[in-house]
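In full-length UniProt numbering, the protein residues as written are 1 to 184. Note that beta-carbon positions come from the ideal geometry of N, C-alpha and C, so glycine has one too.
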């Protein structure tokens, strides 16, 4: 026989923590957060620049010496010296050099000289009073202190300029040697 139910007793002591259950299903993607504050301006003092472009003012420059391109079109960093005709490398790296010459009346043999060696030699074989164009572009790896210039060979000096015809020498830094070190 069952008796009457007694009064509710005092709560028992807290039991031990149970085991961690399995991971639940992934929830829905939340709303896009607000835009963060703008960062501070970066340091652009590491931008390294070197470029020049110069024209010739007198036809038929002397052979086997640097051609003095003395009509400066651009030379903000002053790495090209118009009084010597030489580019002076101040930033080691890869450089692009190009020339575009007007040739008149005789052949032209043009050399790009770097590190005191004729790195590139080209020729335009033109005779008579005809006018033609000679162009060339090359990429060179230079160290600080290296010099680059153009020369013509003896008896192969048809480089010409006039009010309607220019002869131009151009060079610029493609990228400095330490570009990958600064990115690392």
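Rounded to whole angstroms, what's the CA-CA distance from residue i to residue j? Just pull it up for me.
i: residue 3; j: residue 29; result: 58 angstroms
i: residue 56; j: residue 74; result: 13 angstroms
i: residue 132; j: residue 37; result: 59 angstroms
i: residue 78; j: residue 39; result: 35 angstroms
i: residue 85; j: residue 35; result: 54 angstroms
i: residue 103; j: residue 59; result: 9 angstroms
i: residue 52; j: residue 128; result: 33 angstroms
i: residue 15; j: residue 9; result: 17 angstroms
i: residue 181; j: residue 93; result: Interpretation of residue 181 is limited by its pLDDT of 48, a score under 50 that renders its predicted location unreliable; no figure is taken from the coordinates.
With distance defined between alpha-carbon atoms, name the residue in the options nearest to residue i.
i: residue 162; options: 5, 101 and 37; result: 101
i: residue 143; options: 91, 160 and 128; result: 91
i: residue 147; options: 97, 35, 62 and 158; result: 97
i: residue 95; options: 9, 41, 170 and 105; result: 170
i: residue 64; options: 116, 35 and 11; result: 116
i: residue 178; options: 48, 107, 129 and 24; result: 48
i: residue 130; options: 41, 106, 27 and 5; result: 106
i: residue 88; options: 6, 145 and 23; result: 145
i: residue 221; options: 72, 25, 126 and 138; result: Because residue 221 is not part of the residues shown, which for the chain are 1 to 184, the question remains open.
Within the same chain, show all residues whose beta-carbon is closer than 8 angstroms to that of residue i, passing over the 5 residues directly before and after it, in chain order.
i: residue 266; result: Residue 266 lies beyond the stretch modelled for the chain, which goes from 1 to 184, so this question has no answer here.
i: residue 61; result: 67, 68, 152, 157 and 159
i: residue 126; result: 103, 104, 105, 106, 107, 108, 132 and 158
Excluding the 5 residues preceding and the 5 following residue i in the sequence, name in chain order all residues of the same chain whose CB lies nearer than 6 angstroms to its CB.
i: residue 208; result: A query on residue 208 cannot be resolved here, the shown segment of the chain reaching from 1 to 184 and no further.
i: residue 166; result: 55
i: residue 70; result: 57 and 82
i: residue 13; result: none
Spatial neighbours of residue i within its chain, please: CB distance less than 7 angstroms, with the 5 preceding and 5 following residues excluded, ordered by chain position.
i: residue 50; result: 77, 79, 90, 91, 172 and 173
Hey, is residue i's beta-carbon within less than 7 angstroms of any beta-carbon in chain D?
i: residue 39; result: Absent here is chain D; the protein component of the structure consists of one chain.
message: Pairs of beta-carbons, one from the segment 151–165 and one from the segment 108–117, closer than 8 angstroms: are there three or more?
response: Yes, the segment 151–165 is in contact with the segment 108–117.
- prompt: Using 8 angstroms as the Cβ pair cut-off and three pairs as the minimum, do the segment 115–124 and the segment 164–176 touch?
  reply: no
task: Output the residue ranges of the alpha helix (DSSP H) runs that lie fully inside the segment 109–157 and measure 4 residues or longer, sorted by chain position.
output: None, since the segment 109–157 contains no complete alpha helix (DSSP H) of that length.
- request: Report the residue ranges of all beta strand (DSSP E) runs contained in full by the UniProt region "Disordered" (1–59); include only those spanning at least 3 residues, in chain order.
  value: 51–55
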